[in-house]
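The opening position of the sequence shown corresponds to residue -1 in the working numbering, with each subsequent residue numbered one higher. Heads up, the beta-carbon is just placed ideally off N, CA and C, and yes, glycines get one too. The block underneath contains the structure these notes are about, expressed in structure tokens.
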Amino acid sequence: MRGLKKRLLLVGMSIFFILGAFVGCGSSEKEDTSNVAKGYQWKVEKDGKELYLIGTMHPINTSYDYFSDKILEIMKETDVLSVEVNMSQEDMLLANARLVYSDGKTIENELSKEQIKTLKELCSDAGIDYEKLKVFKAQGVIQNISSVIYEKANLEMATFDDMLKDRYIKENKKVDQVENMEFQLNLMDKIQGIDQLKEILDEYEKGKFEDLTKEETEYAKNVMESYKNGDEKFMNEAIEMQKENEDIYKALILDRNIGMVKKIEEYIKSDEKYALAVGALHFFGDDGIIKILEDKGYKITKL
């Protein structure tokens, strides 16, 4: 299951998590800490205008404090927050509905007998209720498997993006989005579809869930700890690893970075001052938002 990390963890670290659609797999132990997460923040300037960038995490270790002095200062300085997707409660319900079958079918209708057997074994090994899981489409199944790994890494299906959004709303400030729900759901369908689930099942060996996901769990922990410590070196290494799967990298990282930069160029011309908050990995590497903006002549200051 060498490619498991690319199929499971990549999505959780770089694309907005759809909450409330996961089968419970037990609760993770929270670390006893009140450490402030440093994260990553930048100031962008050009032609007398400025904008702030915030790298976020989804999912997160909820025992950390994500509202550092730098984040609080950015909030004070800005009028509008733009996140990846500004989902309403209605949007959330619609998104979750798309993860499950509505015509009486189950995931078994799309799998071979051997793959069904393997999925049952995987669920047993991972502590997932198969009877609840089987009503999910491939994307929902994969996300549930991912959630087990995240729990082992002390991460929960919450996002710093949502925390920021709630604080801006509480302060009667505007919230915008750089993408939309339909775009992200369609993208998730492509990269977490039935073919990807079949690959996972065809590679899986009974009783090997703990062994095979150990590396993925450690990777998830390391991403979170690197974020907490503001470790840019690790993030640059992580984004290089994502390039191993060119198609997924292009769809999840490169193409989206280009789209986000276009929005940044619109925002910075506004009379209102913006903070753009998206997954931290989008800012790093040769194709990252920071490098693209620098190449376009923007002054970037790391905060």
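* Beta-carbon separation of Gly37 and Phe281 under 7 angstroms? -> One thing to note: Gly37 has its Cβ no nearer than 7 angstroms to the Cβ of Phe281.
* Asked: Considering only C-alpha positions, which residue in the set Lys171, Ile143, Asn107 is nearest to Ser80?
  -> Considering only alpha carbons, the answer is Lys171.
* Does the distance from the CB of Leu307 to the CB of Tyr272 come in under 7 angstroms? -> Since the first residue shown for the chain is -1 and the last is 301, residue 307 is missing from the structure and cannot be characterised.
* Who are the near neighbours of Ala136 in its chain, counting only those whose CB is closer than 6 angstroms to its CB and skipping five residues on each side? -> Listed in chain order, the non-local C-beta contacts of Ala136 below 6 angstroms within the same chain comprise Gly191, Ile192, Leu195, local neighbours out to five positions each way being set aside.
* Asked: Roughly how far, in whole angstroms, is the beta-carbon of Asp63 from the beta-carbon of Val34, given that I think they are within contact range, below 8 angstroms?
  -> Yes, Asp63 and Val34 are in contact; Cβ-Cβ is about 5 angstroms, under 8 angstroms.
* Which stretch, first to last residue, makes up the beta strand (DSSP E) that contains Lys297? -> Segment 297 to 300, the beta strand (DSSP E) holding Lys297.
* Would DSSP call Lys267 helix, strand or coil? -> Under the three-state reduction of DSSP output, Lys267 falls in the coil class, being neither helix nor strand.
* To do: Could you say which of Lys204, Lys188, Met55 lies nearest to Thr157 if we only look at CA atoms?
  => Comparing alpha carbon positions, the residue from Lys204, Lys188, Met55 closest to Thr157 is Met55.
* **Element boundaries [beta strand (DSSP E), containing Lys47]** => Where Lys47 is concerned, the enclosing beta strand (DSSP E) starts and stops at 47 to 54.
* **Ile287 (DSSP reduced to helix, strand or coil)** => Helix.
* Taking only runs that begin and end inside the region 112 to 141, name each unbroken alpha helix (DSSP H) of 4 or more residues, in chain order. => Counting whole runs of 4 or more residues, the region 112 to 141 contains the alpha helix (DSSP H) stretches 128 to 131.
* To the nearest angstrom, how far is it from the Cα of Lys289 to the Cα of Lys297? -> About 11 angstroms.
* To do: State the CB to CB distance for the pair Ile58 and Leu153, rounded to an integer number of angstroms; the pair is presumed to be in contact (CB under 8 angstroms).
  => Rounded to whole angstroms, the Cβ separation of Ile58 and Leu153 is 6 angstroms, and the two are in contact under 8 angstroms.
* Asked: Which value, in whole angstroms, describes the spacing of the CA atoms of Tyr247 and Glu71?
  -> Going by the C-alpha atoms only, they are around 33 angstroms apart.
* Taking three-plus beta-carbon pairs below 8 angstroms as touching, is the region 109 to 125 in contact with the region 197 to 214? -> Under the 8 angstroms Cβ criterion, the region 109 to 125 counts as touching the region 197 to 214, having at least three qualifying pairs.
* Is Tyr166 helix, strand or coil by DSSP? -> Annotated three-state conformation of Tyr166 is helix, per DSSP.
* Does the distance from the C-beta atom of Lys41 to that of Thr299 stay below 7 angstroms? -> The answer is yes: Cβ separation under 7 angstroms.
* Asked: Looking at C-alpha atoms only, which residue of Asp174, Ala124, Asp101, Lys74 is the closest neighbour of Ala275?
  -> Checking every option, the nearest Cα to that of Ala275 belongs to Asp174.
* In the DSSP assignment, find the beta strand (DSSP E) that holds Gln175 and state where it starts and stops. => Counted as a single uninterrupted DSSP element, the beta strand (DSSP E) harbouring Gln175 occupies residues 172 to 175.
* Return the residue from the list Phe232, Leu91, Gly205 that minimises the CA-CA distance to Ala218. => The shortest C-alpha separation from Ala218 is found at Phe232.
* To do: Would you kindly check if the distance between the Cβ of Val146 and the Cβ of Glu105 is under 7 angstroms?
  => Checking the sequence, you will find Ile at residue 105 rather than Glu. Contact flag unset, no.
* **N- and C-terminal bounds of the alpha helix (DSSP H) containing Leu79** => First-last for Leu79: 78 to 81, but that is the beta strand (DSSP E), not the alpha helix (DSSP H).
* Asked: Do Asn255 and Asp293 come within 7 angstroms of each other at the CB atom, strictly closer than that value?
  -> No. Outside cutoff.
* To do: Less than 8 angstroms between the CB atoms is what I'm expecting for Val78 and Glu208, so what's the real figure, rounded?
  => The C-beta separation of Val78 from Glu208 comes to about 45 angstroms, leaving the pair out of contact by the 8 angstroms criterion.
* **Under the three-state DSSP convention, the category Gly102 falls into** => Gly102 sits in coil when the DSSP states are folded into three classes, being neither helix nor strand.
* Grab me the residues of Tyr202's own chain with a C-beta within less than 6 angstroms of its C-beta, minus the 5 sequence neighbours each way, in chain order. => Excluding sequence positions up to five before and after Tyr202, its CB lies within less than 6 angstroms of the CB of Thr116, Leu120, all in the same chain and listed in chain order.
* Asked: Starting from Ala156 and walking both ways along the beta strand (DSSP E), at which residues does that stretch end?
  -> Taken as a continuous stretch (DSSP letters only), Ala156 belongs to no beta strand (DSSP E), as it is neither H nor E.
* When you compare only the Cα positions, how much space is there between Asp123 and Leu210? -> Between the alpha carbons of Asp123 and Leu210 lies a gap of roughly 11 angstroms.
* **Under 7 angstroms between C-beta atoms of Val259 and Ile287** => In this structure, Ile287 lies closer than 7 angstroms to Val259 by Cβ.
* To do: May I ask which residues mark the beginning and end of the alpha helix (DSSP H) holding Leu92?
  => In the DSSP annotation of this structure, the continuous segment of the alpha helix (DSSP H) that includes Leu92 starts and ends at 87 to 95.
* Return yes when the Cβ of Gly283 is within less than 7 angstroms of the Cβ of Asn234, no when it is not. => Yes, these two residues count as a Cβ contact at 7 angstroms.
* To do: Could you work out which residue in Met186, Asp160, Ile69 is closest to Gln87 when comparing CA atoms only?
  => If we check each option's Cα against that of Gln87, Asp160 comes out closest.
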